[in-house]
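Residue numbers (the working numbering): 450 to 692. The C-beta atom is built at its ideal place from N, Cα and C for all residues, glycine as well. Since this is a predicted model, take the numbers as computed values, not measurements. Beneath this line is the structure, given in structure tokens, with notes to follow.
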């Protein structure tokens, strides 16, 4: 019996060793498939894979140069959904170096990526602006600059900081409703650190009135901004406020 058992075990080992390792037969997704996600939804943001996008671009650089009908961006180059999904500096840098035409003279790409509930990477955004520096100064049909749009959309601190650094004058620029970025941030009830940043970079914005005669503080109160935002604005409104 023991000998028979040993022989059976040996046979099983040979069978197992003869088996080829199971290879990963899952095909790599194309650049379009990797970026064709719902950029404004949390589920889409979680599905984004930066390493896979880099790999896809290395395998097929030409894909960067084509326009696609993405779920949220029709007839757009890959760089737009990539930025909105939070693509790294490395991804955006490769896209721009491979095909700079995608961001040069191609409409308001900067305005687009600042206009929604997107996870834009601040460093990647800075790379985009380096390629088209005039974009930060441009105003759309409503008179909004990219900074206005970002503040109105509730953009993250890092994004707002980059936009201010690249075009400080936008802090006091008014749109068609005489609103500054601070007005829009207060109406949107933007994150407290964003309000603080806007105030620290342009304290005089606190006293600018919009077309309805409202200051940013009045807008915050009118649109029921958080108590913390209202308190911060009131603090800066005091003559003795220094920071």
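Determine the direct distance from the alpha carbon of residue j to that of residue i, and round the result to whole angstroms.
i	j	result
residue 553	residue 685	40 Å
residue 492	residue 687	44 Å
residue 527	residue 602	22 Å
residue 587	residue 580	14 Å
residue 597	residue 490	22 Å
residue 624	residue 632	10 Å
residue 671	residue 620	21 Å
residue 515	residue 675	44 Å
residue 504	residue 626	46 Å
residue 558	residue 679	33 Å
residue 511	residue 524	16 Å
residue 477	residue 578	31 Å
Going by beta-carbon coordinates alone, are residue i and residue j separated by less than 7 Å?
i	j	result
residue 630	residue 600	yes
residue 569	residue 615	no
residue 714	residue 605	No answer is possible for residue 714: it lies beyond the span of the chain, which begins at 450 and ends at 692.
residue 412	residue 533	The first residue shown for the chain is 450 and the last is 692, placing residue 412 beyond what the model contains.
residue 549	residue 488	no
residue 485	residue 522	no
residue 608	residue 571	yes
Under the rule that 16 or more other beta-carbon atoms within 10 Å means buried, what is residue i, buried or exposed?
i	result
residue 507	exposed
Relative to the alpha-carbon of residue i, which residue among the options has its alpha-carbon at the smallest distance?
i	options	result
residue 666	636, 565, 539 and 611	636
residue 683	535, 623, 546 and 648	648
residue 576	651, 504, 652 and 542	542
residue 536	479, 525 and 483	483
residue 574	517, 651, 677 and 544	544
Return helix, strand or coil for residue i, following the three-state DSSP convention.
i	result
residue 526	coil
residue 538	helix
residue 475	Confidence in residue 475 is poor, its pLDDT being 45 and thus under 50, which makes the residue's placement unreliable; the coordinate value appears in the next sentence. Of the three classes helix, strand and coil, the one that applies to residue 475 here is coil, per DSSP.
residue 469	Because the pLDDT at residue 469 is just 41, under 50, the model does not fix this residue reliably, and the value given afterwards should be weighed accordingly. It is coil, neither helix nor strand.
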